[in-house]
Amino acid sequence: MGYVMTKEGFEEAVKTLLKSCRIYAPVRKKGAGRFTDVDVILYDQVHSAGEIELSAKSDYASKEFLTPLSETLLFFTEDAVKEADLDPTPVLVFGRSCDLHALRRMDQIYLGNGKAEDPFYRRRRDLVKYVLIGCAHSYENCFCVDMGTNRCEDGYVFSVDEKDGCIWTDVKDAAFLPVFEAFGTPREVVPQYVTENEVHVEIPDEIPKSVIHDDLWEEYTARCIACGRCNFVCPTCTCYTMQDVFYSDNGRVGERRRVGASCMVDGYTDVAGGGSYRRKNGERMRFKVLHKISDFKKRFGYQMCVGCGRCDDICPEYISFSNIINKVAAASRKEDLS
Ligand code: SF4
Ligand code: SF4
């Protein structure tokens, strides 16, 4: 069922929703970007519709509520452990088609990658429903069409498209119908989605082993500065590390935190005895790329990367993930011809 609303009507609808849930959405932070006078769009809790950035791609991904960069999981004393409280208020997260596709990857890793689910992810996941932000056009560096993530037909409770000065919504979950009936006019609504990107990638079905030793990775040893930003903005990166923080000198009272980790930064592959599996930045890049476009698929049957292009948008060295994919394809062809 679809509805079209004025922006004021949408503001009222969001006010109504906020009586029973929290909303996390992309928010434009003026002047907080990496250069002077440059904005950044990241996820934050919003308290009105006007705060939600609908017209630009977010720099950071919608995973921020599900997997915060730092989360206290539990507290421990000498003889007891207490799980950290979590606000039980339901949450709506606004995301684009690529973000909703990324959610499947997140669920796969935290809930479907072994015998047991991750209980700390599960308790957050159970609170969350997604709202789809339609894409009226492709954004810089997106290659969602080639990754098959440009369109989303389910997995959201309602959609939001800004068009002709109004907000158009396709309501999928009947529980939300009364809100939009109150502020909108019934219309047929199909969420906008892109059918063409400027950027294209070709992912080989099989990546020959020779690609692992190809010279192509050397370029990234020289260019990449191992800052890890590409991982932190990626909607499908799920790696984390644990930190125990002690409150006193006796080391028996404190809290355990889950903290985001990056396969691109120093220390990620360090092991006891001073070893490290991937010291060169090019080797780390190889690991990340082949995980995203080959190894995950071997295990789960579909690609990990959703083609959102956020890693390209954020890289201070202008390294392009889509370019690397195409270089891997070219190196694989070279092997086929030899
Ligand atoms: S690897 Fe880059 S393009 Fe692919 S999902 Fe992650 S951030 Fe998006
Ligand atoms: S954002 Fe760029 S420079 Fe930083 S780790 Fe990723 S690829 Fe390397």
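Here the sequence shown is numbered in my numbering, starting from 4 and rising by one per residue.
Even for Gly, the Cβ is constructed at its ideal location relative to N, Cα and C.
Residue from the options with nearest C-alpha to residue i
| i | options | result |
| --- | --- | --- |
| residue 3 | 136, 214, 245, 250 | Nothing in the structure corresponds to residue 3, since the chain is present only between 4 and 341. |
| residue 149 | 204, 112, 107 | 204 |
| residue 193 | 47, 324, 155, 240 | 155 |
| residue 159 | 184, 114, 170, 103 | 103 |
| residue 241 | 201, 31, 299 | 299 |
| residue 30 | 21, 319, 55 | 55 |
| residue 125 | 132, 114, 133 | 114 |
| residue 302 | 284, 276, 277, 111 | 111 |
| residue 2 | 161, 166, 199, 165 | Residue 2 is absent from the model: the chain starts at 4 and stops at 341. |
| residue 138 | 121, 166, 123, 21 | 166 |
| residue 140 | 59, 247, 304, 180 | 59 |
| residue 78 | 291, 231, 247 | 247 |
| residue 178 | 23, 15, 10 | 23 |
| residue 81 | 101, 89, 257, 10 | 257 |
| residue 1 | 274, 99, 85 | One cannot answer for residue 1 here, as it falls past the ends of the chain, which runs 4 to 341. |
| residue 289 | 90, 66, 73, 330 | 330 |
| residue 70 | 108, 38, 252, 321 | 108 |
| residue 323 | 15, 145, 129, 16 | 145 |
| residue 227 | 129, 238, 282, 250 | 282 |
| residue 131 | 274, 25, 234 | 25 |
| residue 239 | 199, 312, 251, 270 | 312 |
| residue 320 | 291, 15, 225 | 225 |
| residue 233 | 86, 291, 14 | 291 |
Any non-hydrogen atom of ligand 1 closer than 6 angstroms to residue i Cβ
| i | result |
| --- | --- |
| residue 299 | no |
| residue 324 | yes |
| residue 295 | yes |
| residue 155 | no |
| residue 192 | no |
| residue 147 | no |
| residue 336 | no |
| residue 287 | no |
| residue 314 | yes |
| residue 309 | yes |
| residue 237 | yes |
Distance cut-off 6 angstroms: residue i Cβ against heavy atoms of ligand 2
| i | result |
| --- | --- |
| residue 320 | yes |
| residue 228 | yes |
| residue 267 | yes |
| residue 242 | no |
| residue 233 | yes |
Alpha-carbon spacing of residue i relative to residue j, whole angstroms
| i | j | result |
| --- | --- | --- |
| residue 46 | residue 105 | 15 angstroms |
| residue 336 | residue 118 | 38 angstroms |
| residue 33 | residue 48 | 16 angstroms |
| residue 328 | residue 296 | 8 angstroms |
| residue 260 | residue 7 | 44 angstroms |
| residue 201 | residue 147 | 10 angstroms |
| residue 216 | residue 191 | 54 angstroms |
| residue 223 | residue 326 | 12 angstroms |
| residue 213 | residue 219 | 11 angstroms |
| residue 127 | residue 68 | 8 angstroms |
| residue 176 | residue 272 | 44 angstroms |
| residue 293 | residue 170 | 40 angstroms |
| residue 172 | residue 163 | 5 angstroms |
| residue 61 | residue 44 | 5 angstroms |
| residue 318 | residue 27 | 25 angstroms |
| residue 76 | residue 42 | 32 angstroms |
| residue 210 | residue 93 | 43 angstroms |
| residue 309 | residue 315 | 13 angstroms |
| residue 265 | residue 35 | 23 angstroms |
| residue 84 | residue 254 | 14 angstroms |
| residue 116 | residue 243 | 15 angstroms |
| residue 152 | residue 74 | 29 angstroms |
| residue 10 | residue 101 | 25 angstroms |
| residue 90 | residue 208 | 44 angstroms |
Whole-angstrom C-beta distance between residue j and residue i, which should lie under 8 angstroms
| i | j | result |
| --- | --- | --- |
| residue 236 | residue 64 | 6 angstroms |
| residue 187 | residue 12 | 6 angstroms |
| residue 206 | residue 332 | 7 angstroms |
| residue 4 | residue 122 | That pair is no contact at about 36 angstroms. |
| residue 96 | residue 133 | 5 angstroms |
| residue 267 | residue 287 | 5 angstroms |
| residue 304 | residue 221 | Incorrect: roughly 32 angstroms between the Cβ atoms, too far for contact. |
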